[in-house]
Amino acid sequence: MTSRFILSMIALTLLAGCALSEDKVALRYVPTTSSASVEAAKGLQINLDVVDARTTNRTVISRKINGYGMEMAAIRATQNPTELVERALKQELRSRGFDVGNSGLSVTAKLNEFYNQYEVGFFTGSAVSNVVVHILVGDTVEPSFDKTFSANQTDEVVLADGANAKAALEAALGKVVSEVMANPDFMNALVNKADSQTPEVTPSSEDVTS
Numbered sequence: 057m058t059s060r061f062i063l064s065m066i067a068l069t070l071l072a073g074c075a076l077s078e079d080k081v082a083l084r085y086v087p088t089t090s091s092a093s094v095e096a097a098k099g100l101q102i103n104l105d106v107v108d109a110r111t112t113n114r115t116v117i118s119r120k121i122n123g124y125g126m127e128m129a130a131i132r133a134t135q136n137p138t139e140l141v142e143r144a145l146k147q148e149l150r151s152r153g154f155d156v157g158n159s160g161l162s163v164t165a166k167l168n169e170f171y172n173q174y175e176v177g178f179f180t181g182s183a184v185s186n187v188v189v190h191i192l193v194g195d196t197v198e199p200s201f202d203k204t205f206s207a208n209q210t211d212e213v214v215l216a217d218g219a220n221a222k223a224a225l226e227a228a229l230g231k232v233v234s235e236v237m238a239n240p241d242f243m244n245a246l247v248n249k250a251d252s253q254t255p256e257v258t259p260s261s262e263d264v265t266s
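For the sequence shown, the working numbering puts the final residue at 266, and the numbers step up evenly by one.
In structure tokens, the structure reads:
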């Protein structure tokens, strides 16, 4: 029995860890880039709606694996990932000057995927996280902006546990939100459409002087 084989067996045993017990993790949004205020965005009202459009893995964000790569216990988030996406987008929009509330230009974000897949390697494993968000601006039938954003994060890991799934998913979310906010067509759609919907303020009779 070679030392290489022994090391690989030890690595696979560590990767599996306690594969039979579920993990729960509290996810957070970690920005990948700093934001700058957009002068044209100041005062423009945005009504953001985040929808859970996932067709699979809606109750789990990952699964542990054993040394053979077989999926085992679930890894769950303490909150719905859509709430995390909503907080992330609101934070970024507000930091740029938009007024995000219950009225204004409709912006819909559909969360299509939010999942981490563990994979077995020779000495270590991998945490492969994917986050996919579909953004619509304006009427969902004839939107002024319509694009799907996706981001991937792959980390080498020793343990296929909740902590490593959390780290990879948070990194993938940071990437996808950064891509959304850096898209010039998205920002132009927000500024132009929201500005066109802002009602003009007409002076009252008391403000009009003869």
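Where is the CB? At the ideal position from N, CA and C, for every residue including glycine.
query: Which of helix, strand or coil DSSP assigns to residue 242; result: helix
query: Backbone secondary structure at residue 237 - three-state DSSP; result: helix
query: DSSP three-state assignment for residue 150, whether helix, strand or coil; result: helix
query: Cβ pair residue 116, residue 167 closer than 9 angstroms; result: no
query: Proximity to residue 228 [Cα-Cα], best of 252, 237, 212 and 187; result: 187
query: Nearest candidate by alpha-carbon position, reference residue 142, set 241, 83, 245 and 178; result: 83
query: Helix, strand or coil at residue 164 [DSSP, three-state]; result: strand
query: Beta-carbon proximity check, residue 75 vs residue 128, cutoff 9 angstroms; result: yes
query: Straight-line gap, residue 111 to residue 205 (C-alpha atoms, nearest Å); result: 17 angstroms
query: Simplified DSSP assignment, three categories, for residue 118; result: strand
query: Closest by C-alpha distance to residue 217, when choosing among 184, 87, 235 and 251; result: 184
query: Straight-line gap, residue 211 to residue 242 (C-alpha atoms, nearest Å); result: 30 angstroms
query: Distance cut-off 8 angstroms: residue 104 Cβ against heavy atoms of the ligand MN; result: The ligand MN is not part of this structure, which contains no ligands at all.
query: With 16 other Cβ atoms within 10 Å as the buried cut-off, status of residue 237; result: buried
query: Which residues DSSP lists as bridging residue 205, in chain order; result: 189
query: Beta carbon of residue 97 nearer than 9 angstroms to that of residue 246; result: yes
query: Cβ-based neighbour list, residue 109, same chain, cut-off 8 angstroms, excluding 5 preceding and 5 following; result: 166, 167, 168 and 190
query: Beta-carbon contacts of residue 154 that lie in its chain and below 6 angstroms, excluding the five residues immediately before and after; result: 97, 100 and 102
query: Buried or exposed by the 16-neighbour rule on C-beta atoms within 10 Å, applied to residue 137; result: buried
query: For residue 127, the first and last residue of its enclosing beta strand (DSSP E); result: 127–133
query: Own chain, CB closer than 6 angstroms to residue 176, minus 5 neighbours either side, in chain order; result: 125
query: Sequence-distant residues of its chain with Cβ nearer than 6 angstroms to residue 224 (five each side left out); result: 172, 183, 185, 209 and 211
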